[in-house]
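This report refers to the structure that appears directly beneath it.
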Amino acid sequence: MFETIGSDEHEEILFGQDPVSGLRTIIAIHSTILGPALGGTRFYSYANEDDALVDAIRLSKGMTYKAAVAGLSLGGGKGVIIGDPSQIKSESLLRAYGRVIESLGGRYITAEDVGTTTDDMITIRRETRHVTGLPTSHGGSGDPSPATARGVLAAMRATAMEAWGTDDLAGKTVAVQGVGKVGGDVVRRLATAGSKTIVTDVNQKAIQAMVEDCGSTAVAPDEIYDLEADIFTPCAMGASLSETTIPRLRCELIVGSANNQLATSDDAQRLIDRNILYAPDFVVNAGGIINIAEETPGYSEDRAILAVERIYDTLTNVFATAKERNIGPSAAANALAEERLTTAKQQQSPIRHQEVRSA
Ligand code: NAD
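Take 578 as the starting number for the sequence shown in the numbering used here and just add one per residue.
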């Protein structure tokens, strides 16, 4: 078990269950060095418990890095609930889950993710205060997708500036893979910016909406890799950049919202070898969490928009660091996250001792 977790990695993994409602949950707290561990709750019918544990471990570490690079005072965590939400989700199960979160005393803060909704957050809120991403009607920041899409556009402009010396996206061709909540909004924003969009999705209705509303050109899911485009924008599932897809790409930049776009760490080098500038996914797609973090001081949309737009500067700094150190952008983003964590750890140690002594 500890080998799976990794000896120097996660602070804590909590297994919780409630036989009455059928809740089986794993909450992984990767790091609270920068603040409480924030990460959504994934409700999914995992094939087995090991898969659920591995997912919680992987996703919570990703949240630590995302928050660290974005400059947030938040750590990384993730909750998973095992089971098919359409079959077992109930008020009593969500409330039992809320009690598990409450038992962590604020070290983990949840939000929505695959299989959970903002309305589910209201139910969980009945048992614990440590919930974000509540609907705007409940004083929350609502659906994070528009903020994520805004961040993707900011990242696209920063990447364009790095590659082309201009951040004007007018006239550029952007191939968008997946036009759901984030990808669809990205396409709408690109249409406003004067870009041409080529879209694909496994959902025909989603494609049709883009063709009708934004004048996009539609292609079949597998064709998207072979298209000549200025920018490739993965907004569907993870691992779309791999040993088999990278040789097919005919774009100059990759900037998209999907989590874990690189199938393996070798794929970062494959993109460098092909002279394609890759904007690291966890820097690009931080808009949602930046927006949610604005709930802590009391949500203000104007302040949240300014905070999300700063992804432009964050990414510019990642590219500058990559150049200075002669490394790729992915390695630079990881290094910046790890350096911020190391500094915070060094600064916190004496304070923690002080607290112990005075207690
Ligand atoms: P979504 O489910 O609304 O949209 C995903 C879309 O991708 C759907 O329309 C789906 O039909 C399509 N799709 C699935 N498989 C596909 C394939 N093989 N080819 C083409 N299209 C395919 O999800 P979303 O909220 O828009 O998130 C998109 C991505 O961005 C995900 O990877 C998610 O983890 C990531 N992300 C989202 C947010 C957010 O705020 N929603 C924040 C950070 C990261």
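Cβ coordinates follow ideal geometry from the N, Cα and C atoms, glycine included.
Query raised in the report: Does the region 687 to 697 touch the region 836 to 843, meaning 3 or more C-beta pairs lie closer than 8 Å?
Result: No contact exists between the region 836 to 843 and the region 687 to 697.
Query raised in the report: Is Val756 near the ligand NAD, judged by its Cβ being under 7 Å from some heavy atom?
Result: Taking the sequence shown and counting its residues from 1, one reaches residue 756 at position 179. Correct: Val756 has its Cβ closer than 7 Å to the ligand NAD.
Query raised in the report: Under the three-state reduction of DSSP, which class applies to Asp661: helix, strand or coil?
Result: The residue given as residue 661 occupies position 84 in the sequence shown. Asp661 falls in the coil class under three-state DSSP.
Query - Neighbour-count burial assignment, Lys922, 16 or more Cβ in a 10 Å radius - result: Here residue 922 is taken as the residue at index 345 of the sequence shown, counted from 1. Taking a 10 Å sphere around the C-beta of Lys922, we find fewer than 16 other C-beta atoms and assign the residue as exposed.
**Report entry** Val759 beta carbon near the ligand NAD (any heavy atom closer than 7 Å)
**Finding:** In the sequence shown, counting from the first residue as 1, residue 759 sits at position 182. Under cutoff, so the answer is yes.
Query raised in the report: Relative to the alpha-carbon of Ile665, which residue among Tyr642, Leu711 and Leu600 has its alpha-carbon at the smallest distance?
Result: Working through the sequence shown from its first residue, we reach residue 665 at position 88. Across the set Tyr642, Leu711 and Leu600, the C-alpha of Leu600 shows the shortest separation from the C-alpha of Ile665.
Query raised in the report: Cβ of Ala614 within 8 Å of Cβ of Gly675?
Result: By one-based count along the sequence shown, residue 614 stands at place 37. By one-based count along the sequence shown, residue 675 stands at place 98. The Cβ atoms of Ala614 and Gly675 do not sit closer than 8 Å to each other.
**Report entry** Three-state secondary structure (DSSP) of Tyr685
**Finding:** Residue 685 sits at position 108 when you count from the first residue of the sequence shown. The answer is strand: DSSP assigns Tyr685 an E or B state.
Query raised in the report: Which residues in the same chain as Ala806 place their Cβ atom closer than 8 Å to its Cβ, once the five residues preceding and following it in sequence are excluded?
Result: By one-based count along the sequence shown, residue 806 stands at place 229. Excluding positions up to five away in sequence, the list reads Thr750, Val751, Ala752, Ile775, Arg827 and Cys828.
Requested in this report: Assign Thr777 to one of two classes, buried (16 or more other C-beta atoms within 10 Å of its C-beta) or exposed (fewer than that).
Outcome: On the sequence shown, residue 777 is found 200 positions in, with the first residue counted as 1. Thr777 should be labelled buried.
Query raised in the report: What three-state label does DSSP hand Leu630 in the structure shown?
Result: Here the question's residue 630 lines up with position 53 in the sequence shown. Looking at Leu630 - three-state DSSP - the assignment turns out to be helix.
Report task. Using 10 angstroms around the beta-carbon of Thr618, count the other beta-carbons present and answer buried if the total reaches 16, otherwise exposed. Result -> Along the sequence shown, one-based indexing puts residue 618 at 41. Under this definition Thr618 is a buried residue.
Query raised in the report: Just to check, is the beta-carbon of Asn862 closer than 7 Å to a non-hydrogen atom of the ligand NAD?
Result: Here residue 862 is taken as the residue at index 285 of the sequence shown, counted from 1. Using a cutoff of 7 Å, the CB of Asn862 counts as near the ligand NAD, since one of the ligand's heavy atoms is closer than that.
Query - Residue burial classification, Ile928 (beta-carbon count within 10 angstroms, cutoff 16) - result: Translated into positions along the sequence shown, residue 928 becomes position 351. Caution applies to Ile928, whose pLDDT of 48 falls short of 50 and renders its modelled position unreliable; the model cannot decide the point.
Requested in this report: Decide if the region 881 to 894 is in contact with the region 724 to 735; the criterion is three or more beta carbon pairs, one per stretch, under 8 Å apart.
Outcome: The answer is yes - the region 724 to 735 touches the region 881 to 894, with three or more Cβ pairs under 8 Å.
Report task. Could you tell me if the beta carbon of Gly865 falls within a distance shorter than 7 Å of some heavy atom in the ligand NAD? Result -> Within the sequence shown, residue 865 is the residue found at index 288, counting from 1. In this structure, Gly865 has its CB closer than 7 Å to one or more heavy atoms of the ligand NAD.
Report task. May I ask whether a heavy atom of the ligand NAD can be found less than 7 Å away from the beta carbon of Thr777? Result -> Residue mapping note: residue 777 aligns to position 200 of the sequence shown, counting from 1. Flag set: Cβ of Thr777 near the ligand NAD.
Report task. Output the distance between the C-alpha atoms of Leu848 and Tyr855, rounded to the nearest integer angstrom. Result -> Here residue 848 corresponds to residue number 271 of the sequence shown, with the count starting at 1. Here residue 855 corresponds to residue number 278 of the sequence shown, with the count starting at 1. Between Leu848 and Tyr855, the alpha-carbon positions lie close to 7 Å from each other.
Query - Residue range of the unbroken alpha helix (DSSP H) whose run includes Ala884 - result: Start at 1 with the first residue of the sequence shown, and residue 884 comes out as number 307. From DSSP, the alpha helix (DSSP H) with Ala884 extends over Glu878 to Glu886.
**Report entry** Backbone secondary structure at Val832 - three-state DSSP
**Finding:** In the sequence shown, counting from the first residue as 1, residue 832 sits at position 255. Reduced to three states, the DSSP call for Val832 is coil.
**Report entry** Simplified DSSP state of Thr694, which is helix, strand or coil
**Finding:** One-based indexing of the sequence shown puts residue 694 at position 117. Note: Thr694 maps to coil in three-state DSSP.
Query raised in the report: How is Tyr623 classed by DSSP in three states: helix, strand or coil?
Result: Counted from its first residue, the sequence shown places residue 623 at position 46. Residue state, collapsed to three classes: coil.
**Report entry** Counterpart residues of Asp952 in DSSP-defined beta bridges
**Finding:** Examination of residue 952 is not possible in this model, given that the chain is present from 578 through 936 alone.
Query raised in the report: If you measure from the beta carbon of Lys666 to each beta carbon in chain D, is any gap under 8 Å?
Result: Of the protein chains in the structure, only one exists, and it is not chain D.
Requested in this report: Give a yes or no on whether the C-beta atoms belonging to Thr709 and Ile603 are separated by under 8 Å.
Outcome: Taking the first residue of the sequence shown as position 1, residue 709 is located at position 132. Taking the first residue of the sequence shown as position 1, residue 603 is located at position 26. Judged by their CB atoms, Thr709 and Ile603 are not nearer to each other than the 8 Å cut-off.
Query raised in the report: By DSSP, does Ile604 sit in helix, in strand, or in coil?
Result: On the sequence shown, residue 604 is found 27 positions in, with the first residue counted as 1. Here DSSP, grouped into helix, strand and coil, assigns Ile604 to strand.
Query raised in the report: So Glu679 packs on Glu704, CB below 8 Å; how close in whole Å?
Result: As a working mapping, residue 679 is identified with position 102 in the sequence shown. As a working mapping, residue 704 is identified with position 127 in the sequence shown. Contact between Glu679 and Glu704 holds: CB atoms are separated by about 6 Å, below the 8 Å threshold.
**Report entry** Cβ neighbours of Gly612 in the same chain (closer than 8 Å, five flanking residues each side left out)
**Finding:** In the sequence shown, counting from the first residue as 1, residue 612 sits at position 35. Here the set comprises Ala644, Leu649, Ser650, Leu651 and Gly652.
Query raised in the report: How is Ala735 classed by DSSP in three states: helix, strand or coil?
Result: For the purposes of this step, residue 735 is identified with residue 158 of the sequence shown, where counting begins at 1. Three-state DSSP puts Ala735 in a helix.
Report task. Report yes if the CB atom of Ala910 is closer than 8 Å to the CB atom of Phe859, and no otherwise. Result -> Taking the first residue of the sequence shown as position 1, residue 910 is located at position 333. Taking the first residue of the sequence shown as position 1, residue 859 is located at position 282. With respect to Phe859, Ala910 sits close: the two C-beta atoms are nearer than 8 Å.
Report task. Look up Ala595 in the DSSP assignment and say whether it is helix, strand or coil. Result -> Walking along the sequence shown from the start, residue 595 turns up at place 18. What sits at residue 595 in the sequence shown is Asp, not Ala. Secondary structure at Asp595: strand, using DSSP grouped into helix, strand and coil.
**Report entry** Cβ separation of Thr713 and Gly719, assumed to be a contact under 8 Å, to the nearest whole Å
**Finding:** For this step, residue 713 is matched to residue 136 along the sequence shown. For this step, residue 719 is matched to residue 142 along the sequence shown. Going by Cβ atoms, the distance from Thr713 to Gly719 rounds to 4 Å, so yes, they are a contact pair.
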